[in-house]
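Below: one structure, written as structure tokens.
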Amino acid sequence: MENKKSSLFSQVKPYIKGFQFPLLVAFVGAMLSSVITVYGPVKLKEITNLITEGMRSRIDLKAISNIALFLAVLYAVGTVLNYMQSFIISSVVQHFSKRLRTAIAEKINKLPLRYFDSHSQGDTLSRVTNDVDTVGQSLNQSLGTVISSSLLLIAVLFMMFYNNVVLSFVTIGSVLIGFVFVALIMGKSQRFFRAQQENLASVNGYVEEMYSGHNVIVSYNATEESKKPFKCLILIFIVVCGSPNLFLEL
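When we follow UniProt numbering, the leftmost residue of the sequence shown carries the number 1, and every step to the right adds one.
Next up, the structure:
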């Protein structure tokens, strides 16, 4: 019987169970914040038009003041909504990381002893700490941004087509070219990030073994000898870490 590879969403779904409503609130908050961000320049345009028209006769300061006050309230509401969305996303991600660590701990308790004979303790600890931290930080940094940016993109596209269709197509074309380059970079960079985590696990595993066997190493006067593999692992880790950081800068 063939094992069907489950999707990423089906793997993550059990750990976000019960947080659908907070995520929905965050989504609505991000949507309203995006609408405010796009609608703000429309009101600024009205102020510019009033000033331009007033150059010929008299500037309507009362109308400008009313629009400026409306914009101040509007942007204040947008800031609150943006903060609320970020706070909710961060809270959900922290609960997600906690559930993931708990699930890993329960899984480790059920593993047979032969697993620990073939895997170093540091490698196992690295998966519980570093890998989960990496997932949590990635979600915390990207999930809220993806939601707000996607909604903002839709709102901006609507306003662009409303104002000028030709310039809208020109802008979309340049953005699509950028997306192609980003997709190519992401496709090439995944193996480097995977290698980085694997080498980090190797370094942690070796350090854990050296700590647990410290008395034996000192007794056999093998301190200097044990440093050589560690230096090699560190050098490999430094080289491997260079590529993911380069892709992140791109």
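Cβ atoms here follow ideal geometry from the backbone N, Cα and C, with glycine treated the same way.
Inset, instruction - With DSSP as the reference, label Leu-100 as helix, strand or coil. - result: Under the three-state reduction of DSSP, Leu-100 is assigned to helix.
Inset, instruction - Whole angstroms is fine: what's the gap from Asn-109's alpha carbon to Met-159's? - result: Using only the alpha carbons, I get a separation of about 55 Å.
Legend entry - DSSP state of Glu-2 mapped onto helix, strand, coil: Note on Glu-2: pLDDT 46, under 50, position unreliable in the model; the coordinate value appears next. Glu-2 falls in the coil class under three-state DSSP.
Legend entry - Sequence-distant residues of its chain with Cβ nearer than 8 Å to Glu-2 (five each side left out): With a pLDDT of only 46 at Glu-2, under 50, the local geometry of the prediction cannot be trusted, and the value read off the model is given with reservation. Excluding sequence neighbours, Glu-2 sits near nothing in its chain.
Legend entry - Cα-Cα separation, Val-156 to Lys-45: Each residue's alpha carbon lies about 16 Å from the other.
Inset, instruction - Measure the Cβ-Cβ separation of Asn-199 and Ile-238 and say whether it is below 7 Å. - result: Contact flag unset, no.
Inset, instruction - Quick one: residues in its chain with C-beta nearer than 8 Å to the C-beta of residue 335, no 5 flanking neighbours on either side, listed in chain order? - result: What the structure shows of the chain is the stretch from 1 to 250, and residue 335 is not part of that stretch, so it cannot be assessed.
Legend entry - Inter-stretch contact (C-beta, 8 Å, three-pair minimum) for the segment 43-58 and the segment 170-177: Because the criterion of three Cβ pairs below 8 Å is not met, the segment 43-58 and the segment 170-177 do not touch.
Inset, instruction - May I ask which residues mark the beginning and end of the alpha helix (DSSP H) holding Phe-27? - result: Unbroken alpha helix (DSSP H) run through Phe-27: 20-54.
Inset, instruction - Could you check how far apart the C-beta atoms of Ser-34 and Ser-148 are, in whole angstroms? I think they sit under 8 Å. - result: Yes, they are in contact, since the Cβ atoms of Ser-34 and Ser-148 sit about 6 Å apart, within 8 Å.
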